[in-house]
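Below you'll find the structure, written out as structure tokens, and then a few comments.
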Amino acid sequence: MDTKNLDAVKIAEKIIAGERLNRGDDFEFFLTTPLEKIQHGAHLIQKNFFGNHIDLCTIINGKSGRCGENCKYCAQSACHKTGVEEYDFLPAEEILAAAKLNEKAGVNRFSIVTSGRALTGKDFDKAIEAYRLLKNNLAIDLCASHGILNAEQFRRLRAAGVTSYHHNIETSRKFFPQICTSHTFDDRINTIKLAQAEGLQVCSGGIIGMGETWQDRIDMALELSALGIKSIPINALMAVKGTALENRPPLAAEEILRTVAIFRYINPTANIRLAAGRKLLPDFGASAFLNGASASITGNMLTTSGTTIKDDMELLKKLGLNNLRD
């Protein structure tokens, strides 16, 4: 798209009409234009494709700690000494009890997340058992996040009732080796494509504030667009003591909000999902929900510390938004 001589509203109108931003386009406009103007265009795009709907999901940490990967940001990596709680895969009944509480509270989807490069063997069998139990007892949509899986595992997940798979690309292809060397960017891309080939929608995003450039963030957004990702979580790094990134300073709210808005322009029909770092934003992301973010992780978890499902329901009502299903 030729963005020359266009303002934020004109660009938004072109996107709503069907044009898309692509590699090779000039993105300097989005970095130099006042945030309020960029947000206004993002609001128009969000309003067109999502109306007043905000998708809320929640997670349970189904298996914690002792991960053999060396991702620099991760509290659960065995490479780091963070004091994170360590335990094996939770009993299915315990997961069901948590899911029931979340469904009753009104969230749209529920995910089991596990540490490690990949969930395999008896632990994966336990996950399948848990998903079957959830599917038979709940109406809530089910998501899974179990690392680098193969096609057969994705088929089993789908048969058990899972509709969406979460697997972040984390950052740009160029910056990824600065964050992780125990697996590759292509390992992540291939996992996403395998999940999609088995009929699962994919939730994939990344983390900002790890030392990447604005170009890295834009490249990540473009990569997700090319993959056809339907849900894009944006995490602002919350540096954990004991990790390799423990001394990274928190991002300013304006930088997070600009990132959310830019991702909306590049991925107009995807749910842009607030994740870690919401407490860095004023009003826990109220401005983001009105100007680009159409989804959020919620609940009493590390990634959203400081806000609860009840808090988010009240915030959405205050903003004239809702998470009602069609």
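Residue numbering for the sequence shown follows this note's numbering, starting at 20 and increasing by one per position.
Even for Gly, the Cβ is constructed at its ideal location relative to N, Cα and C.
Residue i vs residue j beta-carbon contact at 7 angstroms
| i | j | result |
| --- | --- | --- |
| residue 247 | residue 187 | no |
| residue 342 | residue 127 | yes |
| residue 231 | residue 190 | yes |
| residue 276 | residue 255 | no |
| residue 306 | residue 291 | no |
| residue 177 | residue 217 | yes |
| residue 30 | residue 22 | yes |
| residue 336 | residue 289 | no |
| residue 237 | residue 46 | yes |
| residue 90 | residue 134 | no |
| residue 73 | residue 309 | no |
Which of helix, strand or coil DSSP assigns to residue i
| i | result |
| --- | --- |
| residue 220 | strand |
| residue 131 | strand |
| residue 284 | helix |
| residue 5 | Here the chain comprises residues numbered 20 to 345, so residue 5 is not present and cannot be evaluated. |
| residue 207 | helix |
| residue 321 | Reliability of the predicted coordinates at residue 321 is poor, the pLDDT of 46 falling under 50, and no value is obtained from them. |
| residue 186 | coil |
| residue 26 | coil |
| residue 82 | strand |
| residue 333 | helix |
| residue 164 | strand |
| residue 67 | helix |
Range of the contiguous alpha helix (DSSP H) that encloses residue i
| i | result |
| --- | --- |
| residue 151 | 140-156 |
| residue 51 | 47-51 |
| residue 121 | 111-124 |
| residue 307 | 305-309 |
For residue i, the first and last residue of its enclosing beta strand (DSSP E)
| i | result |
| --- | --- |
| residue 254 | 250-255 |
| residue 404 | The structure shown does not extend to residue 404, since the chain spans only 20 to 345, so no value can be given for it. |
| residue 226 | 225-227 |
| residue 292 | 290-293 |
Residue-chain proximity (residue i, chain C), Cβ-Cβ < 7 angstroms
| i | result |
| --- | --- |
| residue 300 | No chain C appears in the structure shown, which is made up of a single protein chain. |
### Query
On the three-pair Cβ rule with 8 angstroms, is the region 55-63 touching the region 277-288?
These segments touch.
### Query
Any contact of the region 79-93 with the region 295-306, i.e. 3+ C-beta pairs under 8 angstroms?
Judged by pairs of C-beta atoms under 8 angstroms, the region 79-93 does not touch the region 295-306, as fewer than three such pairs exist.
### Task
Count the C-beta pairs between the region 163-183 and the region 201-221 that are closer than 8 angstroms, then say yes if the count reaches three, no if not.
A contact exists between the region 163-183 and the region 201-221.
### Message
Within 8 angstroms, do at least three Cβ pairs link the region 191-210 to the region 141-156?
### Response
No, the region 141-156 does not touch the region 191-210.
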